[in-house]
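Protein sequences, first through last, are from chains A and B. Read left to right, the first sequence gives residues 390 to 1037 (our numbering). Read left to right, the second sequence gives residues 123 to 416 (our numbering).
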Amino acid sequence: MSLGRVVATERRPNTPHEFHFWTALDSPVGIGTIVRVDGNTPVEGVLPHIYGIVVEGFSYTDLQTPLHDVLGHDGNPSSPGFAPTERAEIRLYTAAVLRQIPEEPLQPVPMGQVFLATNEDVAVALRMDGYLRPENNTGIPIGIYRAGGTDSPIYLDADFLVGPEAAHLNIAGVSGLATKTSAVEWILASLFTHFPAQKGSIAAVLFNVKGPDLCFLDQPGAITDRDREIYEQLGVDPAPFKKVEYFAPYTAKGHGLNTLRSNEALAHNLQPLTWGLREVLQFAEVLLNRDDVDAKADALIDFIKERVIDRDFSDPVLSRPHRVQSFGDLEQWFRDVLNGVESRSSGDTWRTHHVATIRKVRNRLSNISTRCAGLVTDEGVVSDLPFGSFEDRTVYVVDVASSEEDAQDLIFARIVSKLREHLERRDLGVKHLVVFVDELNKYAASDAPDTYVRRMLLDIAERGRYLGLVLFSAQQFRSQVHRRVVGNSGTSLFGRMDADELATPGYAVLSPATRTKLATLDKGQLMVRHPHFTQPIFIRFPRPAVMNGRDGAERFPQAADLSLEESVLRSLRRLDPTLTLAWVEDIVSQYDEAEVLRARSATMLARPGDVRGYFKAQFRSRVPQRTAAPRPAPVPLKPAPDDDPYGF
Amino acid sequence: MDGGTPLELTVPASEKAHTVSASVLEGTTVRAHPILRPVEAGFAAFLDGTQESRVVAYDRGVPLVIGTVAAIVRERRNRRLVTWAHERERSLYLPRNHVTPALWDESGPLALVDTCGADYGGPVGSGHPAALADRAYSVVRRRRDALETTLAERWCAEGAGPLFVDGSIAGSPRVGTATSVAGIVKSHRVLYVEEDAMQVVFGLRRGERSSMLRITPKWATVATWYLRIRDSAGHDPLWGLVRVEIAASHASTEKADEISSWILAEAAPLSLPDARWDTMVYGIRDCEETLRAV
C-alpha cells in the first residue's frame, strides 16, 4: 500500500536527484526514511522505479498568515482553541535520489505513488545488491536501517572498507555518548566475522589513547535482548573478541605496566612494550624538536645510526673501541668522544662535527630515555609487538593512555612504520591490518604544525589501502582533522554531532533536517557515508559485546603500586607459576633496582624453560662477603742493647 | 481558445436587493434569542458547489461558453474532512437556435447544453451576445444548483448525521423537507424581515438568533432564522450574519437553538483569507478549496 504521492510544481519541480512527495499525517516517514517511487509511464518499455531517502520535511496548513490564527483566537492564546474541524494540513517531504532503475536515461523523477522501501528495496537503493551476491559476497554488516516496521541490514563493501577499491573508516561525534569507541568495537567484531575468506587474513592494532576504553575487549559486556536480536540478524556472535593481546609500556618507575588493565586476573595477555636504542633512534625525529635539531645535528644522528649503532667502532680520539647497543652504551660513547676531542689541542671538530653539535645531540638523545621512561630502556631490552607473526582475527591493543605525549608519538610512529614495512614485504603474518587511532583532532589536526605522526597518518590514508593497511580513525570534530586524512576515508560514520561542528562548511552538503537529526542522534545511532551509498544513511548498531571501560575498571580495579620484588614476581610468574616472593626477594636483595629490572626484562623477553636459572644468571656474580681474619699482633721489637753505640 | 474572463465576474447580479415579509413561527414578533446551550459541533458533513464559465469563442456573434460545475460533500471524520461524494461536469453551453446545425453536431467531446431549452426559459428574445452570455451563465448556475441538489439528496438517502449545505435548501422539495439538512445562506440580497423585525436582526449580537420565520423562496417551504456568528461591531449590519434554513416540519425552538449552536461551533477555525470569512465556515471553505484542487 502506498504511503505517499509524488508532487511537483513549477516552483518546486522534481529533478533527477531530488523529488517531493506528500503523505498522510500518520505515515511512518521521517528524515532518513528510504522510499520507492513507482512511475506510471514506461520509459523505453520499462516502468521506472526510483529510490530515495527523505532529507527534508515540511508541514503546513491552509492558514495563510499567523495573524489569521491570532484573529481566530481573538488574540488570546489561552482561549479555548478547540475547533470541530482541524485545518487542512500537509506533510510534504523532499527526498534525495539514491538510485533510479533503469539508470539510463537519467530523467527527472516522474509522478507516481510512493512506498516504504522493503528489505529488497533497501538493498537495491544502496547498491548493496552488487556486493551481496552469493558467489561473491563482500558485505560487512554495519547495522540496521529501521523505518516504519522495516528492519533492513545495512552492509558495507569489504572491497571499499579494507581495500583495494577504497579503504579507511572515519567516525566523528561528540564525546561521552559511547558511540565512537562502541561503533569501532562493533564494526571490528562484524569485520572479523564476515571478512570474506577469499580476501585472506585480517587483524587489528588498536591504540588506546584515553582511559580504560579498550582495556577489556576480551571480557563479556552486558547487552540487551534487542541488541542480541540485531547480532542474530546480522550474523555476528554477541561475544567478546576471542584473541586479544595487550601491550603497555612500564611506568616510569619500571615496576609495573602503565595501564589501567593492570589487574592480576587479566595479566595473562598483557605484555610490556619496551624499546631500546636501536628501535628508537630510527624514529628520533619524532621526539626531536625540528627547531632545535638542525641539519648539522641531523648529520651527526645519521652518522651515529649508520656507523656507530650495533657496530664495533674505533677512532683515534676514543680511549677504547665501542659497540653501542643501548642508551647506556651511547652515553659512554659520547663521553669518550667529547673527552677525546677536548683533550686534543687541534681544534674543536671531530669528523667534521663541531663539538657543540656533538654536545647538543648527546643532550637530546640521552634525554629520550628520560622523557620516555618506561618505554625506552637504557639497557636496550626490547619487548615488542609480534611483527611477522600477527595472527588472523586477533586484536592487538597498545595502551598508551597513561603514557606521556612524547612516548605516545614515538609508539604511534614506530608501530605504524613497522606495520607498514612488514605489509610491504608481505611478512606481517596477516594480509590486512586495521589500525585504530582515536582523538585524530590531536594527532592529525588540520591547523597544527606538521609532525611525524601526522605525516605518517597521511601516508596511511593515502597509500595504506594498496598495502592492506587500513586506518580506522575517530575524533570529535571532523572539521579540525587534516582534510587528506578524512577525505581519504572511504567510509565515514557520524554519531551525534555538536551544533557548532555542524555549522562548518564540511556539513553544508547535508540538508538542514539531516543536520538537525545528526545533532540529536541517540546512542547507538549513526549516519553512514559509503562509496556505494549516494546519500548518507541512518542506521542503528548494537552495543558491543565487550565490557566497556567503566565497567571493566570497576570489576577489575587497577593493581596497587607494587614493590620491586612483587612486580618482578608478577612478571616472572607468567613464565613459571611456582615462583614465590621469598625466592625473588632472596635473589634481588643484593642488587640495585636497575639491575633487577634489567634481569626481569631479559627473562621476560627470552621466555626460558628454566626461569629461575635464567633470571639468576642475569646478575653479575658477586664474591660472598667474608669477615676479615684478625691481623696478627705485631711482634715487639727487640730492645736495643744497652751498649749499643747507635742507640738513643 | 479556452480563456477570457469568467462570466461569474462579468455578469451582474441577477437578483436585486429587496425585502420580503414572512410569517413568524416563534411567537408573534421577531425578537432576539440568545443561544444559551453549549456550543458544540453537530454537523457530520458539508456540501458546497462551484462553477466557472467562460466564453471561449464566438460563432457569428453567438458566445460559445464552456462551463464547469462541481459539487462536493466533505464528511468530518475524527476532526478531519474527507470527500464523501464529488461530482463534476464540463459542458459547452450553446443556444441551439442561434448556432448553425453543423456547429451543434460537431462540437467535439464536450456535452452540449442548450441554453434556450424549455427547462431554462426557452428562446432568448434577442441575439445580443451579452444576453446570450447572461443566459449561459444563468444555465450554468442552475446546473450547479442541480448538482448540489443531487448530492444533498444522496446524503439524505445514504449519509449519516446532519449535513451543512452552503445556500438555500428550498430548491429541492426532498432536501427542503429532510430532517438531516440545514442550509446556511451567507448573502442577503433578499431579507425576510422588514421594519422593526429588520432592526431586531441588525441588532443581533454574536450568539443570538432571530425568531423563526416561515418562507417559501423556491420549491419548498422552510423554516428560517438569522444568526449572528461574529461580532459585527465596526462592520456593516449584515457582517457575520447568516440565515439558516431547515425543514419547516422539523422546526422548533429547541431545534433552532441546537442547530444555531452547531453553526456557532463552526466559527473556528477561521476561513481567512476568503473575503467572506465572516459568514463562511471552515468546512465550506474546505469544500471550495478541494473543488479548486480537483
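Backbone N, C-alpha and C fix where the C-beta goes; we use that ideal spot for every residue, glycine too.
Under 7 Å between beta-carbons, which chain B residues line up against glutamate 475 of chain A? List them in chain order, please.
Those within 7 Å of glutamate 475 of chain A in chain B are Arg201 and Arg202.
Buried versus exposed call for glutamate 257 of chain B [16 or more other C-beta atoms within 10 Å across all chains shown]:
According to the sequence shown, residue 257 of chain B is arginine rather than glutamate. With 16 or more other Cβ atoms within 10 Å, it is buried.
Indicate the three-state DSSP secondary structure (helix, strand or coil) for threonine 582 of chain A in the structure shown.
The answer is helix: DSSP assigns threonine 582 of chain A an H, G or I state.
Where glycine 356 of chain B and valine 146 of chain B are concerned, what is the direct C-alpha to C-alpha distance, given to the nearest angstrom?
A direct Cα-Cα distance of roughly 29 Å separates glycine 356 of chain B from valine 146 of chain B.
Given arginine 719 of chain A, which residues of its chain have a CB within under 7 Å of its CB, disregarding the five upstream and five downstream residues?
Position check: residue 719 of chain A holds leucine in this sequence, whereas arginine was assumed. Only Leu666, Val713 and Leu754 meet the Cβ criterion.
Shorter than 8 Å from the beta carbon of leucine 460 of chain A to some beta carbon of chain B?
Yes, leucine 460 of chain A lies at the interface with chain B (some Cβ there is under 8 Å from its Cβ).
Which residues mark the beginning and the end of the beta strand (DSSP E) in which arginine 336 of chain B is found?
DSSP places arginine 336 of chain B inside the beta strand (DSSP E), whose first and last residues are 335-337.
Secondary structure at methionine 845 of chain A, three-state DSSP: helix, strand or coil?
Here methionine 845 of chain A sits in helix by DSSP.
Candidates A/Phe549, A/Leu606, A/Arg617 and A/Cys604: closest to phenylalanine 584 of chain A by CA position
Closest in alpha carbon position to phenylalanine 584 of chain A, among A/Phe549, A/Leu606, A/Arg617 and A/Cys604, is A/Phe549.
Own chain partners of histidine 409 of chain A with C-beta closer than 8 Å, once the 5 adjacent residues on each side are dropped:
Beyond the five residues adjoining it in sequence on each side, histidine 409 of chain A comes within less than 8 Å, by CB distance, of Val395, Val396, Ala397, Arg401, Asn403, Leu481, Tyr482, Thr483 and Ala484 in the same chain, given in chain order.
With a cut-off of 8 Å, does the C-beta of histidine 409 of chain A fall near any C-beta of chain B?
Output row for histidine 409 of chain A: interface = no.
At the 8 Å Cβ level, is aspartate 415 of chain A part of the contact set with chain B, yes or no?
Any Cβ of chain B closer than 8 Å to the Cβ of aspartate 415 of chain A would place that residue at the interface, and such an atom is absent.
Using 8 Å as the threshold, is the segment 278-293 of chain B in touch with the segment 161-172 of chain B, meaning 3 or more CB pairs across them?
The segment 161-172 of chain B and the segment 278-293 of chain B touch, with three or more beta-carbon pairs separated by less than 8 Å.
Where the segment 541-552 of chain A meets chain B: residues whose CB sits under 8 Å from a CB there
Result list empty, no residue passes.
Is the beta carbon of alanine 556 of chain A less than 8 Å from the beta carbon of glycine 853 of chain A?
It is a contact, given that the beta carbons lie within the stated cut-off.
Cα-Cα, which of A/Phe922, A/Glu731 and A/Val750 is closest to alanine 673 of chain A?
Residue A/Val750 is the option with its Cα nearest to alanine 673 of chain A.
Of all the CB atoms in chain A, is at least one closer than 8 Å to the CB of glycine 65 of chain B?
Outside the displayed range of chain B (123 to 416) lies residue 65 of chain B, so it cannot be described from this structure.
I'd like to know if the segment 525-540 of chain A and the segment 496-510 of chain A are in contact, where contact means that at least 3 CB-CB pairs between them fall below 8 Å.
Flag = yes, the segment 525-540 of chain A and the segment 496-510 of chain A touch.
8 Å is my cut-off, CB to CB: does glutamine 502 of chain A come that close to chain B?
Taking 8 Å as the threshold, the shortest C-beta distance from glutamine 502 of chain A to chain B does not fall below it.
Rounded separation between proline 185 of chain B and leucine 254 of chain B - CA only
So the two alpha carbons sit approximately 7 Å from each other.
Can you round the beta-carbon distance between arginine 331 of chain B and serine 382 of chain B to whole angstroms, since I take them to be within the 8 Å contact cut?
With 8 Å as the limit, arginine 331 of chain B and serine 382 of chain B qualify as a contact, their Cβ atoms being about 5 Å apart.
Please list, in chain order, all residues of the same chain as phenylalanine 242 of chain B whose beta carbon is under 6 Å from its beta carbon, the five residues on each side excluded.
Per the sequence presented here, residue 242 of chain B reads as tyrosine, with phenylalanine not at that position. If we look at tyrosine 242 of chain B and ignore the five residues flanking it on each side, its Cβ neighbours are Val261.
Can the beta-carbon of alanine 192 of chain B be found closer than 8 Å to that of threonine 172 of chain B?
Result yes, Cβ atoms of alanine 192 of chain B and threonine 172 of chain B sit closer than 8 Å.
Under three-state DSSP, which class holds aspartate 367 of chain A?
Only positions 390 to 1037 of chain A appear in this structure, which leaves residue 367 of chain A out of reach.
So that I know if they touch, is there some Cβ in chain B lying closer than 8 Å to that of aspartate 451 of chain A?
It does; some Cβ of chain B falls within 8 Å.
Cα separation between leucine 580 of chain A and threonine 880 of chain A?
Rounded to the nearest whole angstrom, the C-alpha separation of leucine 580 of chain A and threonine 880 of chain A is 14 Å.
Phenylalanine 692 of chain A, enclosing alpha helix (DSSP H) - first and last residue:
Per DSSP, phenylalanine 692 of chain A is one residue of the alpha helix (DSSP H) stretching across 684-692.
Could you name the residues of chain A that alanine 163 of chain B contacts, counting a contact when the two beta carbons are closer than 7 Å?
Counting only Cβ-Cβ distances below 7 Å, alanine 163 of chain B has contacts in chain A at Pro473, in chain order.
Taking the C-alpha atoms as reference points, what is the distance between tyrosine 785 of chain A and lysine 632 of chain A?
Straight across, the Cα-Cα distance linking tyrosine 785 of chain A with lysine 632 of chain A is about 9 Å.
Minimum length 4: unbroken alpha helix (DSSP H) runs contained in the segment 925-975 of chain A
If we require 4 residues or more, the alpha helix (DSSP H) runs fully inside the segment 925-975 of chain A come out as 938-944 and 953-962.
Need the endpoints of the alpha helix (DSSP H) that glutamine 864 of chain A sits in, please.
Where glutamine 864 of chain A is concerned, there is no enclosing alpha helix (DSSP H), although the beta strand (DSSP E) around it starts and stops at 858-864.
Apart from the five residues on each side of it in sequence, which residues of its chain come closer than 6 Å, Cβ to Cβ, to arginine 159 of chain B?
Same-chain partners within the cutoff: Asp379 and Ser383.
If distances are taken between C-alpha atoms only, which option among A/Asp773, A/Glu399, A/Asp981 and A/Ala578 comes closest to tyrosine 635 of chain A?
It is A/Asp773.
I need the boundaries of the beta strand (DSSP E) containing threonine 190 of chain B, first residue and last residue.
184-199 is the span of the beta strand (DSSP E), which, as asked, contains threonine 190 of chain B.
Between valine 498 of chain A and valine 443 of chain A, how many whole angstroms is the CB-CB distance? I'm expecting something under 8 Å.
That pair is no contact at about 13 Å.
Would you mind stating whether serine 956 of chain A and histidine 711 of chain A have Cβ atoms separated by less than 8 Å?
By the CB criterion at 8 Å, serine 956 of chain A and histidine 711 of chain A fall outside the cutoff.
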